[in-house]
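When we follow this note's numbering, the leftmost residue of the sequence shown carries the number 2, and every step to the right adds one.
Notes for the one structure printed next.
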Amino acid sequence: MKKLFLLFFTALTFTIVKAQTYYYNATSFAYKAVNSYGYWTNWTDWESCNVPIVMDYDNDVVTIYSNKTQIYKITKYIRKFTDSSGGSQVEFNFVDQDYDRGVMRLRVERNGNSQIYVDFTNIMWVYNVRRAR
């Protein structure tokens, strides 16, 4: 699993260095949820943020230090694909700190902007991210 986790960052042009832990910073986020009628809402407007994100390749864990710390244990590589907007994406299954299961999508847009999507069955959010160090 560690090799797959490391491979997707190389494939998505994230800068890889010798360490096994990588640091990012989320600069903005948006979300959408399933409404009371069972339909997805539109994405919210982008909101500015300054949220540290740590990707630990040794343990296949992504930690997002938002108001409530989010811990995602990567359990399975799903696929790599090009989306309809021309962005490159890699999908993984995960289990979070509350034992909820979901899908994490790591995306690089055609313009080079990097994003992390966290998808559950009833809510999803996305962070725009930059390499911190």
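Don't be surprised by glycine CBs; every beta carbon is placed ideally from N, CA and C.
None of the values given here were measured: they were computed from a predicted structure.
- Taking all protein chains shown into account, Gln90 has 16 or more neighbouring C-beta atoms within 10 Å of its C-beta and is therefore buried.
- Sorting Ala27, Ile75 and Ile117 by C-alpha distance to the C-alpha of Asn68 places Ala27 at the top.
- Annotated three-state conformation of Gln71 is strand, per DSSP.
- Per DSSP, Arg111 lies in no beta strand (DSSP E) segment and is marked neither H nor E.
- Taking the Cα positions, Tyr118 is about 9 Å away from Glu92.
- Annotation for Glu48: Ser29, Phe30 and Ala31 place their beta carbon closer than 8 Å to its own, counting only its chain and skipping 5 residues before and after.
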